[in-house]
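Trainee: Sharing a structure with you now.
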DNA sequence: ACCTGAACACCGTTCAAGT
DNA sequence: ACCTGAACACCGTTCAAGT
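Protein chains in written order, with full-length UniProt numbering: chain B, 1 to 195; chain V, 1 to 195.
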């Protein structure tokens, strides 16, 4: 029985930034952002809360920055798509699903914290539009419009599907959010045209 | 010297929900959401923090609900507009300005808290579209698409104009956000058509 | 190098008490 | 009816100490 070097004396995997972020995301997804505390995060990692500061010197701020990066940095990819419209459509659907899976991170995304986390995503959208023949300025506008729509629509979905939103559904009527998002996406994409 | 009845023995205006919300919004706008605490709010109202609970029995949750309602409940109004497109355009510009003025409230808006706060706004958008001849289903889609775009774009603006976003501007290039929003708004509105 | 334990300043909230 | 003061359980973070 050879002890593996990456297993320490307490017989548990060592703390890494990746494990910390994943554990934090697990707490947010399961219990909500409000219940993510350094002490609870420490518990879930089987470590004292103070140990986390050794890996994230800037503390909770750095943890939240990492969560935003982990969720928001999902660039668009044109491989396997039938043209740039299809590529953007696929990306939008996937990005929306990602935001809804981690809806607890949405409030962090709109704080302006870790703005660099979105750079890769924005540039990938612009690149796909550019390759589709859309002029530079129009591509920049379309990229922000599309990304803004996806983030904002996901926010409305969180609001509309909240367990305590019965009164809203009574007033505004029931909504098929998948269909609603798809139709809205058409609305946005339909006026994006190559030069 | 007749003492006015609404001035109490300590010579200060009585606590009301309106004054509490306004004071809280003032703290958020000036110092950020993270510095809004019940104790600081009490200080700014020249009252002990515990006095606030007499007016907001559900405590800070109720305060945050009230803040969302105060900022997000701004319905569209067609009076004085040159047609429904102009009315929606004006509303979108005003709503965006409102969100940017109170950017610290944006994270609260996307939590799904107090979902009823947006009902009036959503219904007003649908009504203007309906009066413009847009069929019911298309109006519902357009309303959510427009509102989603405005909220999402405001989030991107907060991100792009953050003081610490120098690296982002270096990578993605400088942005005229007023022009960018206006162009994005055109993109969204251009495919909304009466039946 | 990595983690712990005790401590500090703060937080939201409850509750009995004051006026 | 409206507000206060003391108290409680919790929070993020620092720092000296352990291994």
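Note that CB positions come from ideal geometry on N, CA and C, so glycine has one too.
Keep in mind it's a predicted model, so treat the numbers as computed, not measured.
Any beta carbon from chain B within less than 8 Å of residue 71/V's own beta carbon?
Mentor: no
Trainee: Determine, for residue 155/B, whether the minimum Cβ-Cβ distance to residues of chain V falls below 8 Å.
Mentor: yes
Trainee: What's the C-alpha gap between residue 180/V and residue 121/B?
Mentor: 18 Å
Trainee: Tell whether a beta-carbon distance below 8 Å holds between residue 98/B and residue 74/B.
Mentor: yes
Trainee: Under 8 Å between C-beta atoms, does residue 105/B make it to chain V?
Mentor: no
Trainee: Quick check: the stretch 134–150 of chain V against the stretch 133–143 of chain B, are at least 3 beta-carbon pairs closer than 8 Å?
Mentor: no
Trainee: Whole-angstrom Cβ separation of residue 12/B and residue 61/B, contact assumed at under 8 Å?
Mentor: Rounded, the Cβ-Cβ distance is 27 Å, inconsistent with contact.
Trainee: According to a CB-to-CB cut-off of less than 7 Å, which residues of the stretch 110–122 of chain V neighbour chain B?
Mentor: 110, 111, 112, 115, 116, 118, 119, 122
Trainee: Please report whether the beta-carbon of residue 5/B lies at a distance below 8 Å from any beta-carbon of chain V.
Mentor: With a pLDDT of only 40 at residue 5/B, under 50, the local geometry of the prediction cannot be trusted, and no value is derived from it.
Trainee: How should residue 14/V be labelled, buried or exposed, when 16 other C-beta atoms within 10 angstroms of its C-beta is the threshold for buried?
Mentor: With fewer than 16 other Cβ atoms within 10 Å, it is exposed.
Trainee: Please confirm whether residue 70/V and residue 21/V have their CB atoms less than 8 Å apart.
Mentor: yes
Trainee: Just curious, the alpha helix (DSSP H) that residue 55/B is in, first and last residue?
Mentor: Looking at the DSSP string, the run of the alpha helix (DSSP H) that includes residue 55/B is 52–55.
Trainee: Between the alpha carbons of residue 101/V and residue 33/V, how many angstroms are there, rounded?
Mentor: Answer to the nearest angstrom: the Cα atoms are 13 Å apart.
Trainee: Going by the beta-carbon positions, is the gap between residue 24/V and residue 56/V smaller than 8 Å?
Mentor: The beta carbons of residue 24/V and residue 56/V sit no closer together than 8 Å.
Trainee: How big is the Cα-Cα spacing for residue 9/B and residue 52/B?
Mentor: Annotation note: pLDDT 47 at residue 9/B (below 50); position unreliable, no value reported.
Trainee: Could one say the Cβ of residue 150/V lies closer than 8 Å to chain B's Cβ atoms, at least one of them?
Mentor: yes
Trainee: At the level of alpha carbons, what is the spacing between residue 105/V and residue 158/B?
Mentor: 16 Å
Trainee: What does residue 59/B reach in chain V if we use C-beta pairs closer than 9 Å?
Mentor: Under the 9 Å cutoff, chain V gives no residues; its nearest Cβ is about 13 Å from residue 59/B.
Trainee: Quick check on this structure: which residue in 112/B, 172/B, 154/B has the alpha carbon closest to the alpha carbon of residue 160/V?
Mentor: 112/B
Trainee: For residue 82/B, which of helix, strand or coil comes out of DSSP?
Mentor: coil
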